[in-house]
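Sequence positions in the sequence shown follow my numbering and run 1 to 393. A virtual CB, placed ideally from N, CA and C, is assigned to each residue, including glycine.
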Amino acid sequence: MDNLYIDIGSTYFKIGYGSYTEQFFRDFNIDIYDDLKRKCGSILKKYGRENIHICSSANGGLSTLIIGLTSLFSIKYATNIAFNSGINIIDRVIYSDIEDREVPKGSIDVVIIVGGVDSVEPKFDNRLLKFLKMVDYNNIVYVGNRVDLKFLERYIPNLVVLPNIITDRLKINEKPLREYLTHLYQSDIVGREDIKRLYEITSNQIYPTPYIVNLSLPKIRDIFDVVDPFLVVDIGGATTDIHYSTDLIVGKNIITESGYDRVVFKKLGVYKSRENLIFSAKSNEFVYELLEYLKVNDTILEEKSSRATKVLMQLAIFLVLYYVSNSNSEDIELRLEALNSIIITGGVSKVLRDVDIEEVVQFFYKKILHFDTAPEIIVDRDYRIWTLGLERL
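The structure is reproduced here in structure tokens:
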């Protein structure tokens, strides 16, 4: 009873204290603070502001554009840090292609420019300036080689300069950029009326939920019987996040401090991203066979029912495994054939039974990977992962 932990999601908010957790569907007609006070006011009164710890993904995360010299090191390193800081990546531009790339539409929260070890020759020129003039961005940070710095500082107003994320030994230097992005996320939260009121009940910093989940992974064996390598699948209302052991990465060339990475699928949420999830499902060549395996008709995708929501959650599990497999790896390819444990958390864990999850995973391993056995499945219905992360702050 020493601390109260709160996670504010896009669809639900959760509270945890001791060994107890509870989930509440948000009332979108009122402020998050008022909703929290209405449903959990008696519990909040028991804790001082210093003992209440909050994480949130309700602001949707920061939108990020990455411009780098190579996809193998520059962009991949920056992507790794951004994802693990709870940041959403809108687009990635390889500098050699910058003149042929479309400019991202809408406002970008932060542009990250990265490229090259410090011993390389200057790479950036007026092509970068021309491209940036067409981008609507709020913040811009440079984490590349030193030889380009004088040019960039001269022509890019308000440029934030941090140490190069690529060392001379091609190792990732993630701490400065990770801290910058985390604090930027914090500033974004403070600037949003429905989130910043939460500081009336806590004196602690509000962190992005994905960052908190990543903090929990090194200690996950304290709460679950997990066998390395493992994968955490967090399916929420707006996005699906996966957190994984880095030894699962195919062609790994990143050496990180934590040993765990994250990737987010922005269009695989079950509530706010429902239409995008349905579109992704209809576009996948194996989904209709999966629906038949689940003994449902494809008309279920057009329904608005509890049964349809359950099926969509099953499809989200299948699609995220498919997207990181060797069949259709988008952001990253993982060695799923080497996977020993899959942990399922998020809103899906409150709806699906163990058997509902197992039949989807088994279908994936048999149909896509041609394996007769599947990894052990652990369902985190009590959201112990994010409370463990908050405890580590």
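Backbone secondary structure at residue i - three-state DSSP
i	result
glutamine 314	helix
histidine 243	strand
proline 208	strand
tyrosine 12	strand
asparagine 126	helix
glutamate 200	helix
tyrosine 95	helix
serine 341	strand
valine 263	strand
phenylalanine 364	helix
phenylalanine 25	strand
aspartate 7	strand
isoleucine 166	strand
tyrosine 17	strand
asparagine 214	helix
histidine 357	Before going on, a small fix: residue 357 reads as isoleucine here, not histidine. Of the three classes helix, strand and coil, the one that applies to isoleucine 357 here is helix, per DSSP.
glycine 346	strand
isoleucine 223	coil
Nonlocal neighbours in the same chain, by C-beta distance under 8 angstroms from residue i, ignoring five residues either side
i	result
tyrosine 137	Leu65, Ser107, Ile108, Asp109, Val110, Val111
leucine 339	Pro229, Phe230, Leu231, Leu248, Pro375
isoleucine 30	Arg38
glutamate 407	The requested residue 407 is not part of the displayed model; the chain covers only 1 to 393.
First and last residue of the uninterrupted beta strand (DSSP E) at residue i
i	result
glutamate 174	First-last for glutamate 174: undefined, no H or E at that position.
isoleucine 54	52-56
aspartate 234	230-235
tyrosine 142	136-142
leucine 159	159-161
glutamate 376	376-379
threonine 64	63-68
Residue interval of the alpha helix (DSSP H) (run including residue i)
i	result
tyrosine 155	149-155
valine 110	Taken as a continuous stretch (DSSP letters only), valine 110 belongs to no alpha helix (DSSP H), being part of the beta strand (DSSP E) at 107-114.
asparagine 84	74-84
leucine 290	287-293
lysine 275	Reading the sequence as shown, one finds glutamate at residue 275 and not lysine. Run containing glutamate 275: 274-282, per the alpha helix (DSSP H) assignment.
glycine 389	384-391
aspartate 34	32-44
Beta-carbon contacts of residue i that lie in its chain and below 6 angstroms, excluding the five residues immediately before and after
i	result
tyrosine 207	Cys55
tyrosine 5	Gly16, His53, Thr387, Leu390
serine 74	Gly68, Val114, Gly115
leucine 215	Gly389, Arg392
Same chain only: Cβ atoms within 7 angstroms of residue i, ignoring 5 sequence neighbours per side
i	result
serine 349	Val379, Asp380, Arg381
serine 245	Asp228, Pro229, Phe230, Gly259, Tyr260
Whole-Å CB distance - residue i paired with residue j, under 8 angstroms assumed
i	j	result
isoleucine 377	aspartate 354	7 angstroms
phenylalanine 83	aspartate 261	7 angstroms
tyrosine 322	threonine 21	The pair is not a contact, with the Cβ atoms about 30 angstroms apart (cut-off 8 angstroms).
asparagine 139	leucine 184	6 angstroms
tyrosine 142	valine 161	5 angstroms
leucine 36	phenylalanine 13	6 angstroms
arginine 307	isoleucine 317	Going by Cβ atoms, the distance from arginine 307 to isoleucine 317 rounds to 16 angstroms, so no, they are not a contact pair.
threonine 239	serine 280	So it is not a contact: roughly 12 angstroms between Cβ atoms.
threonine 70	isoleucine 94	7 angstroms
leucine 319	leucine 268	6 angstroms
Distance cut-off 8 angstroms: residue i Cβ against heavy atoms of the ligand ZN
i	result
isoleucine 368	With respect to small molecules bound, the structure shown includes none, and the ligand ZN cannot be examined in it.
Exercise for the section: Pair every Cβ in the segment 141-151 with every Cβ in the segment 84-104, then say whether three or more of these pairs are closer than 8 angstroms. Expected result: no
Exercise for the section: Decide if the segment 35-54 is in contact with the segment 174-181; the criterion is three or more beta carbon pairs, one per stretch, under 8 angstroms apart. Expected result: no
Exercise for the section: Spell out a yes or no on whether the segment 302-315 and the segment 215-224 are touching, meaning 3 or more CB-CB pairs, one atom from each, closer than 8 angstroms. Expected result: no
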